[in-house]
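Okay, so the sequence shown: first residue is 3 according to our numbering, each after it adds one. Ideal placement from N, C-alpha and C gives every residue a C-beta, glycine not left out. Presented below is the structure to which this report refers.
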Amino acid sequence: MNTQYDRVVTTTAWSPGPGCHGGCGVKLYVKDDKIVRVEGDYGHPWNHGRACPRLLACTQYINHPDRILYPLKRVGERGEGKFERISWDEAFDIIEKKWTQLKRDYGPESVIFIQGTGRDIGGPISFLCYSYGSPNWTQLGLAGQSCYTPRLCTMVCVQGDFAVADCSQFFEKRFDDPRYELPKYIVIWAQNPASGCPDAFQGHWIVDCMKRGTKLIVIDPRWTWFASRAEHYLQIRPGTDGALALCMLNLIIENEWYDKEFVEKWTYGFDKLKEEVKQYTLERVSKITWIPEEVIYEATKAYATNRPSAIHWGLPIDQVPEATSVSQAINYLWCITGNLDVPGGNVIARNAWDITQYPYSTQQLKDVYGEDILDRINEKRIGAKRYKYLANMRSWGQPDMAVQQMIDGDPYPIKSAWIQTSNLFGGQAADMRKHYKALMNMEFNVVVDLFHNPTTMACADIVLPAATFMEKESFRSWYQPLQLIQPAVTVGECRSDWEINFELAKRFNPPLREKYPTFKDFVNERIKNSGMTWDDLAAKGGWEYPTEDKWPASVPYRRYEKGYLRPDGKPGFRTPTGKIEFYSTLHEEYEIHPLPFYVEPPESEVRTPELFEKYPLVMVSGRRSPVFFHSEHRNIPWLRECDPYPDVEIHPTVARDLKVENGEWVWIENERGRIRRKVKINAGIHPKTISCMHGWWLPETDGRSPNLFSTWEVGCNVLIPTGMQARTGYGGNAYKTTLVRIVKMSEGTPCNPPVGVWGKR
Ligand code: SF4
């Protein structure tokens, strides 16, 4: 041991800290009870020592002078920024008293539980929500629940399981495992995995494949590092991915590039799909997507005729209203080409030992929350009656309906919000002003977070300090391996989300005290399929993969041939027909179209030509920066120095026409509002599109209302609509397709850019 450090703790990164969707093995170096150095764990098969900038900056994050260290109670008016320190007991007493009164007066459904993206938050928040008795757990602000949910639900409906691009991540020895085969092509569809932090997937895995010979096909409106190295680059019009996927299916069928044996034996509804996709001709789809016909043709041929090949897809697929249909079409691409659950294709992604971090199945929910839990949830859950599809899928309330109901109280009042690690106004909330109105309409708001931000300042009545991953006990069972998160230090009185929610949940559901005296008892129960306890797993180094002899359902490949996927043990897939459903019987049952189709984005030159005349640029929001995760990290000096300003990427011809220069502040506006951004000229973006990173707020400016850290001035979600979800209840409005115009600021316009903190103007 180097004497510079008192100890080194090996653990798993899962936000808060880097903010990630998690999984990296990490080493935390501790000196005098402070973390002084963070690095990737070379022995961990997920990242092999690699670490992203956000992880490396965790020393600044955990020890940041602005961390909220104690529970706080608001003492001034909302927005005044006046809080006083209280004890945990006092905070829990206040919450318990208020929610008991609300339950009595309005029913438990009057409290809504709101989570952000990332973090190991689904478990703790659902635990609290259902223990209190509310059916309303939601990702408020995320219009149409448009972050992976549409893709996940689609995969469950049409193939019975999730699948991901196979970069050998299901094997401990990774690329050296003899069962693995390299993909000939990887299609990167709508993502920049080098900058982002995809769900349970690492961008550098694709680079590892490239180094070994895999070629790329990249579909993205914006030229990325991966696009620059692709064999085929398809610069697509935002929001038209569905048309492209349907055209690719048509080409594959027409040219007989599909896997006939697989289709014959393992699929249902091929003839109907074949008929349906005939309308998506190359000529038509080239016009819709702006991609030249020959580029679509060659890319499709390359993908379909080189097996194995894999598709790695991203968030924009969820961010159009008909997101499930787009997902369905893309999902069929890897099925029809015989690339499902084969080495180097799209591998079925089961968790290790099928362990879930919190109860998913009906029986698991009943075991934990009582026999009547599903009736309770579905009776009052927001959106469950209107959307049959949503009612049968993930147990979240419909967010666009929720925000409306918080404002007008129809069909029943919502009186209180629990907001856990979700900076709504800085981050995910489309139509931010509407969400502000909704939260200000609540009688009582509790916010759990690590730093003050626009949301805590605007509307919190109680603030509870959350711990980073470096301070907490938790576990991760998202695909594989099964991993522990183990604390290295404590900071102030910060507590893990699990700890906070467990304590409060037990106040409303006292039998839980006996059932789970400690959090580790809960974990031990959840991971029992593995045959290990927390301590066993810790003794093995904190992570473990399942083996085929003991748990074959979790280990690739071709599990459908061996009867490992279906509950009845028969060969096939976990769908009603036991086959891949090209015609979805579940869609039919849930009253949505059983076959995939394409619909024009809600705002576009085709669908709303008058609006387009006024606002002729398509704003794509959501571009990822390697140094930020959504609205996090704007206050971390090392990171902010790398990406100091809220910018807008525009094509050189747009800059020329507007007579604006690189680095100049401009207005971006539409009928919903106006924000300011700094011009960044990028020849890699289509002249008709602009790119605005979401999640911007300026922590160096005044946090009090009405400024709220400048969130209204720079947050592009001001411009994005809500309430356009499809018949599924899912689908993300116009995060990628909002029409806007750019206006040059006139001489002397006051625009209050941040000064001097993280660089010059
Ligand atoms: S943000 Fe992604 S790369 Fe960084 S530590 Fe988390 S999982 Fe690893």
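Sequence-distant Cβ neighbours of Lys186 in its own chain, meaning closer than 6 Å and more than five residues away, are Asn308 and Ser311. Every alpha helix (DSSP H) stretch that sits fully inside the segment 596-646 and reaches 4 residues is listed by chain position as 611-616 and 639-644. Within the same chain, Ile670, Glu715, Val716, Gly717, Cys718, Val720 and Leu721 come within 7 Å of Ile677 by CB-CB distance, once the 5 residues on both sides are set aside.
In the DSSP assignment, Arg9 falls within the unbroken beta strand (DSSP E) covering Arg9 to Thr14. Only residues of its own chain outside the window of five on either side were considered, and among them Ala196 have a CB closer than 6 Å to the CB of Trp227, listed in chain order. At a Cβ-Cβ threshold of 9 Å, Val287 and Ile338 do not count as neighbours. Only residues of its own chain outside the window of five on either side were considered, and among them Phe477, Leu486, Lys522, Val525, Asn526 and Ile529 have a CB closer than 8 Å to the CB of Trp536, listed in chain order. Proximity of the beta carbon of Asn194 to the ligand SF4 is not indicated: no heavy atom of the ligand is located closer than 8 Å.
Distances from the CB of Val28 to the heavy atoms of the ligand SF4 include at least one below 8 Å. For Lys746, the uninterrupted beta strand (DSSP E) run begins and ends at Thr740 to Lys746, by DSSP. Inter-segment contact for the segment 327-338 and the segment 232-250 is present: three or more beta-carbon pairs are separated by less than 8 Å.
In its chain, beyond the 5 residues on either side, Met250 and Leu253 have a beta carbon closer than 6 Å to the beta carbon of Thr302. Setting aside the 5 residues that flank it on each side, Asn511 is surrounded in the same chain by Ser133, each with a C-beta closer than 6 Å to its C-beta; the list follows chain order. In this model, Trp398 and Ser128 are separated by some 9 Å (Cα to Cα).
Around the CB of Glu634, 16 or more other CB atoms lie within 10 Å, so the residue is classed as buried. In this chain, the beta strand (DSSP E) harbouring Ala165 covers Ala165 to Ala167. Contact annotation: Gln430 and Gln141 have beta-carbon atoms nearer than 9 Å.
Measuring C-alpha to C-alpha distances from His688 to each of Asn709, Val656 and Lys680 identifies Val656 as the nearest. Under DSSP, Cys131 takes part in no beta bridge, so it has no partner. A residue is called buried once 16 or more other Cβ atoms fall within 10 Å of its Cβ, and Asp222 is buried on that count. Within the segment 15-97, the complete beta strand (DSSP E) runs of at least 3 residues fall at 27-33, 36-42, 74-76 and 85-87. DSSP places Thr691 in the uninterrupted beta strand (DSSP E) bounded by Thr691 to Cys694. Closest in alpha carbon position to Arg352, among Glu615, Thr14 and Val158, is Val158.
Linking Asp43 to Ala53 through their CA atoms gives a straight-line distance of about 8 Å. With a cutoff of 8 Å, Arg56 counts as near the ligand SF4, since its C-beta is closer than that to a heavy atom of the ligand. DSSP, read as helix, strand or coil, puts Phe115 in strand. For the pair Arg39 and Tyr7, the CB atoms are nearer than the 9 Å cut-off.
Taken from the Cβ of Cys169, every heavy atom of the ligand SF4 lies 8 Å or farther away. In the DSSP annotation of this structure, the continuous segment of the alpha helix (DSSP H) that includes Tyr391 starts and ends at Lys390 to Ala393. According to DSSP, Ile238 shares a beta bridge with no other residue. Rounded to whole angstroms, the gap between the alpha carbons of Ala93 and Pro73 is 7 Å.
Look at Trp16: its beta carbon is less than 8 Å from one of the heavy atoms in the ligand SF4. Set against 8 Å, the gap from the CB of Arg626 to the closest heavy atom of the ligand SF4 is not smaller.
Per the C-alpha coordinates, the member of Glu563, Gly705, Pro413 and His653 positioned closest to Ser112 is Pro413. Judged by the Cβ position, Asn49 qualifies as a neighbour of the ligand SF4 at the 8 Å threshold, a heavy atom of the ligand being closer than this.
Taking the Cα positions, Ser586 is about 7 Å away from Leu597.
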